[in-house]
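Below is one structure, written out as C-alpha coordinates; comments come after it.
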Amino acid sequence: MTIQSIAKQLKRSGFFSDVQICQPNSPRSDLEVVLSTPGHDMLARLGMDGFCCEVSRAVPECGQWGAAWAVQPLGEHIWPREALERPHGVPRVLSHLQDAGVHRLLLEVTPDLCWFQGHFPGKPILAGVVQLHLAAMLAGHLFGLAGHPRDVSRLKFQHLVTPPRVLELSLQNPADHQVHFRYAAEGKVHSQGRMNFAERLR
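Structure (C-alpha coordinates):
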(Lines of atoms letter the chains of each structure in order from A and count residues from 1; the text may use other names and numbers.)
(Lines give C-alpha, C1' and ligand atoms only; values in the text may rest on other atoms or scores of the structure.)
Protein backbone atom coordinates (compact mmCIF):
# COMPACT_ATOMS: atom_id res chain seq x y z
CA MET A 1 0.00 0.00 0.00
CA THR A 2 1.41 3.38 -1.03
CA ILE A 3 0.35 6.94 -0.24
CA GLN A 4 -0.53 7.32 -3.93
CA SER A 5 -2.99 4.42 -3.83
CA ILE A 6 -4.58 5.73 -0.62
CA ALA A 7 -5.02 9.14 -2.29
CA LYS A 8 -6.83 7.45 -5.20
CA GLN A 9 -9.10 5.51 -2.84
CA LEU A 10 -9.97 8.67 -0.89
CA LYS A 11 -10.97 10.39 -4.11
CA ARG A 12 -13.02 7.36 -5.21
CA SER A 13 -14.89 7.46 -1.87
CA GLY A 14 -16.96 10.37 -3.21
CA PHE A 15 -16.32 12.55 -0.15
CA PHE A 16 -13.58 14.58 -1.84
CA SER A 17 -13.31 16.38 -5.17
CA ASP A 18 -9.52 16.52 -4.97
CA VAL A 19 -6.77 14.80 -2.97
CA GLN A 20 -3.19 16.06 -3.00
CA ILE A 21 -0.08 14.44 -1.54
CA CYS A 22 1.75 16.86 0.77
CA GLN A 23 5.44 17.56 0.73
CA PRO A 24 7.60 15.10 2.71
CA ASN A 25 7.70 15.85 6.46
CA SER A 26 4.66 18.14 6.24
CA PRO A 27 3.79 19.20 9.83
CA ARG A 28 0.03 19.03 9.13
CA SER A 29 -0.67 15.81 7.27
CA ASP A 30 0.29 13.40 4.52
CA LEU A 31 -2.68 14.35 2.32
CA GLU A 32 -4.72 17.50 1.76
CA VAL A 33 -8.30 17.01 0.59
CA VAL A 34 -10.98 19.25 -0.92
CA LEU A 35 -14.56 18.38 0.03
CA SER A 36 -17.08 17.36 -2.62
CA THR A 37 -20.75 18.30 -2.27
CA PRO A 38 -21.58 14.95 -0.58
CA GLY A 39 -18.53 15.40 1.66
CA HIS A 40 -19.64 18.91 2.60
CA ASP A 41 -23.13 17.67 3.45
CA MET A 42 -21.82 14.76 5.52
CA LEU A 43 -19.38 16.91 7.50
CA ALA A 44 -22.16 19.42 8.21
CA ARG A 45 -24.47 16.63 9.36
CA LEU A 46 -22.05 14.50 11.39
CA GLY A 47 -19.37 16.91 12.61
CA MET A 48 -15.65 16.29 12.20
CA ASP A 49 -15.45 13.19 14.41
CA GLY A 50 -18.38 11.49 12.72
CA PHE A 51 -17.09 12.44 9.28
CA CYS A 52 -13.65 10.99 10.05
CA CYS A 53 -15.32 7.72 11.12
CA GLU A 54 -17.18 7.55 7.81
CA VAL A 55 -13.98 8.18 5.86
CA SER A 56 -12.21 5.42 7.86
CA ARG A 57 -15.06 3.02 7.06
CA ALA A 58 -14.92 3.89 3.37
CA VAL A 59 -11.11 3.72 3.16
CA PRO A 60 -9.92 1.47 6.04
CA GLU A 61 -6.44 1.30 4.52
CA CYS A 62 -5.97 4.98 5.41
CA GLY A 63 -6.03 4.22 9.14
CA GLN A 64 -4.16 0.93 8.81
CA TRP A 65 -1.35 2.60 6.90
CA GLY A 66 -1.31 5.53 9.33
CA ALA A 67 -1.89 8.18 6.68
CA ALA A 68 -3.11 11.50 8.03
CA TRP A 69 -5.35 13.75 5.94
CA ALA A 70 -6.65 17.28 6.48
CA VAL A 71 -9.27 19.38 4.74
CA GLN A 72 -7.57 22.13 2.76
CA PRO A 73 -9.17 25.46 3.74
CA LEU A 74 -10.27 27.90 1.06
CA GLY A 75 -8.14 30.94 0.44
CA GLU A 76 -8.57 34.10 2.45
CA HIS A 77 -10.35 35.75 -0.50
CA ILE A 78 -13.63 34.40 0.89
CA TRP A 79 -13.45 37.03 3.67
CA PRO A 80 -13.45 40.81 3.18
CA ARG A 81 -10.01 42.33 3.65
CA GLU A 82 -10.86 44.09 6.92
CA ALA A 83 -11.84 40.77 8.49
CA LEU A 84 -8.27 39.53 8.15
CA GLU A 85 -6.65 42.43 9.98
CA ARG A 86 -7.27 40.94 13.43
CA PRO A 87 -5.14 37.84 14.21
CA HIS A 88 -7.29 34.72 14.67
CA GLY A 89 -10.34 36.87 14.01
CA VAL A 90 -12.14 34.62 11.53
CA PRO A 91 -12.64 30.85 11.31
CA ARG A 92 -11.17 28.85 8.45
CA VAL A 93 -13.61 28.15 5.63
CA LEU A 94 -13.43 24.43 4.84
CA SER A 95 -15.98 24.43 2.02
CA HIS A 96 -18.21 26.84 0.10
CA LEU A 97 -21.16 25.72 -2.03
CA GLN A 98 -23.48 27.97 -4.00
CA ASP A 99 -26.76 26.89 -5.54
CA ALA A 100 -29.86 28.83 -6.56
CA GLY A 101 -28.68 31.97 -4.78
CA VAL A 102 -27.91 30.21 -1.49
CA HIS A 103 -24.35 30.16 -0.14
CA ARG A 104 -23.41 27.35 2.27
CA LEU A 105 -20.07 27.64 4.06
CA LEU A 106 -18.42 25.27 6.50
CA LEU A 107 -16.63 27.28 9.20
CA GLU A 108 -14.07 25.64 11.47
CA VAL A 109 -14.61 27.15 14.92
CA THR A 110 -11.44 26.51 16.95
CA PRO A 111 -10.50 27.52 20.53
CA ASP A 112 -7.74 29.87 19.30
CA LEU A 113 -10.20 32.37 17.79
CA CYS A 114 -9.77 35.76 19.46
CA TRP A 115 -13.49 35.92 20.29
CA PHE A 116 -13.11 33.26 22.98
CA GLN A 117 -10.64 35.27 25.05
CA GLY A 118 -12.37 35.86 28.38
CA HIS A 119 -15.69 34.49 27.10
CA PHE A 120 -15.67 32.46 29.25
CA PRO A 121 -12.58 31.04 31.03
CA GLY A 122 -12.80 27.26 30.99
CA LYS A 123 -16.14 27.30 29.14
CA PRO A 124 -15.64 29.11 25.81
CA ILE A 125 -18.81 30.19 24.01
CA LEU A 126 -19.11 31.97 20.67
CA ALA A 127 -21.22 34.99 21.56
CA GLY A 128 -24.36 35.74 19.58
CA VAL A 129 -23.06 39.18 18.61
CA VAL A 130 -19.96 37.52 17.10
CA GLN A 131 -22.11 35.09 15.12
CA LEU A 132 -24.00 38.08 13.72
CA HIS A 133 -20.75 39.93 12.98
CA LEU A 134 -19.26 37.01 11.03
CA ALA A 135 -22.49 36.36 9.11
CA ALA A 136 -22.83 40.04 8.21
CA MET A 137 -19.24 40.27 6.94
CA LEU A 138 -19.66 37.22 4.70
CA ALA A 139 -23.12 38.29 3.52
CA GLY A 140 -21.86 41.74 2.59
CA HIS A 141 -18.86 40.32 0.77
CA LEU A 142 -20.73 37.57 -1.11
CA PHE A 143 -23.83 39.59 -2.05
CA GLY A 144 -22.16 42.98 -2.56
CA LEU A 145 -23.94 44.75 0.31
CA ALA A 146 -22.54 47.91 1.88
CA GLY A 147 -21.79 48.55 5.54
CA HIS A 148 -23.30 46.83 8.55
CA PRO A 149 -26.91 45.63 8.75
CA ARG A 150 -29.22 48.49 9.76
CA ASP A 151 -31.41 46.05 11.68
CA VAL A 152 -31.86 42.35 12.43
CA SER A 153 -35.22 40.64 12.75
CA ARG A 154 -36.61 37.16 13.48
CA LEU A 155 -33.44 36.51 15.50
CA LYS A 156 -33.26 33.22 17.38
CA PHE A 157 -30.37 31.75 19.38
CA GLN A 158 -31.28 28.13 19.96
CA HIS A 159 -28.09 26.28 20.98
CA LEU A 160 -24.73 27.45 22.33
CA VAL A 161 -21.72 27.30 20.01
CA THR A 162 -18.65 25.83 21.73
CA PRO A 163 -15.30 24.92 20.16
CA PRO A 164 -14.11 22.85 18.48
CA ARG A 165 -16.99 22.68 16.03
CA VAL A 166 -17.68 22.82 12.31
CA LEU A 167 -20.63 25.13 11.63
CA GLU A 168 -22.53 25.37 8.39
CA LEU A 169 -23.50 28.97 7.71
CA SER A 170 -26.29 29.32 5.13
CA LEU A 171 -26.86 32.73 3.54
CA GLN A 172 -29.78 33.57 1.28
CA ASN A 173 -30.58 36.93 -0.37
CA PRO A 174 -34.33 36.77 -1.18
CA ALA A 175 -34.84 40.55 -1.41
CA ASP A 176 -32.65 43.41 -2.57
CA HIS A 177 -31.09 44.42 0.77
CA GLN A 178 -32.12 41.44 2.87
CA VAL A 179 -30.15 38.33 3.90
CA HIS A 180 -31.41 35.33 5.81
CA PHE A 181 -28.70 33.51 7.78
CA ARG A 182 -28.62 30.23 9.68
CA TYR A 183 -25.88 28.48 11.64
CA ALA A 184 -26.31 24.72 12.01
CA ALA A 185 -24.18 21.75 13.05
CA GLU A 186 -24.82 18.04 13.49
CA GLY A 187 -28.56 18.32 12.97
CA LYS A 188 -29.08 21.33 15.27
CA VAL A 189 -29.82 24.91 14.31
CA HIS A 190 -27.70 27.14 16.56
CA SER A 191 -28.98 30.52 15.44
CA GLN A 192 -30.86 32.19 12.61
CA GLY A 193 -32.31 35.53 11.62
CA ARG A 194 -32.78 38.13 8.92
CA MET A 195 -30.39 41.02 8.32
CA ASN A 196 -31.44 44.19 6.49
CA PHE A 197 -28.70 46.22 4.82
CA ALA A 198 -28.97 49.84 3.69
CA GLU A 199 -27.61 49.55 0.15
CA ARG A 200 -25.65 47.55 -2.38
CA LEU A 201 -22.08 48.14 -3.45
CA ARG A 202 -22.70 46.59 -6.86
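Counting from 1, position 190 in the sequence shown corresponds to residue 782 in our numbering; the numbering is continuous, with no gaps. Glycine included, each C-beta is placed from N, C-alpha and C at the ideal position.
Is it buried or exposed, residue i, if we count other Cβ atoms within 10 angstroms and call 16 or more buried?
{"i": "C654", "result": "buried"}
{"i": "D622", "result": "buried"}
{"i": "L676", "result": "exposed"}
{"i": "Q723", "result": "buried"}
{"i": "V592", "result": "Because the chain in this structure spans residues 593 to 794, residue 592 falls outside the shown range and cannot be described."}
{"i": "E760", "result": "buried"}
{"i": "R696", "result": "buried"}
{"i": "A660", "result": "exposed"}
{"i": "P703", "result": "exposed"}
{"i": "S597", "result": "exposed"}
{"i": "S605", "result": "buried"}
{"i": "A560", "result": "In the structure displayed, the chain extends from 593 to 794; residue 560 sits before or after that span and is not available."}
Please tell me whether residue i and residue j are closer than 8 angstroms, where the distance is taken between their beta carbons.
{"i": "F810", "j": "P741", "result": "This structure does not reach residue 810, given that the chain is present from 593 up to 794, and the question cannot be answered."}
{"i": "Q601", "j": "V647", "result": "no"}
{"i": "V685", "j": "R757", "result": "no"}
{"i": "L705", "j": "H733", "result": "no"}
{"i": "A731", "j": "M787", "result": "yes"}
{"i": "S687", "j": "L627", "result": "yes"}
{"i": "M729", "j": "P766", "result": "no"}
{"i": "F735", "j": "V771", "result": "yes"}
Can you pull the DSSP bridge partners for residue i?
{"i": "M787", "result": "V744 and V771"}
{"i": "R678", "result": "R678 is not bridged to any residue."}
{"i": "L635", "result": "Per DSSP, none; premise fails for L635."}
{"i": "D610", "result": "V626"}
{"i": "W661", "result": "L623"}
{"i": "F749", "result": "S783"}
{"i": "D691", "result": "V694"}
{"i": "L757", "result": "Residue identity check: residue 757 is Arg in the sequence provided, not Leu. Paired residues: V701."}
{"i": "R684", "result": "E700"}
Under 8 angstroms by Cβ, that's how I've got residue i and residue j pegged, so tell me the actual separation to the nearest angstrom.
{"i": "V625", "j": "D610", "result": "7 angstroms"}
{"i": "S762", "j": "V694", "result": "6 angstroms"}
{"i": "G639", "j": "E778", "result": "5 angstroms"}
{"i": "I613", "j": "A636", "result": "So it is not a contact: roughly 26 angstroms between Cβ atoms."}
{"i": "V753", "j": "L718", "result": "4 angstroms"}
{"i": "M634", "j": "F607", "result": "7 angstroms"}
Worksheet item: Would you call the stretch 660-669 and the stretch 765-784 touching, i.e. three or more CB-CB distances under 8 angstroms?
Response: In short, these stretches do not touch, since the Cβ pair count stays below three.
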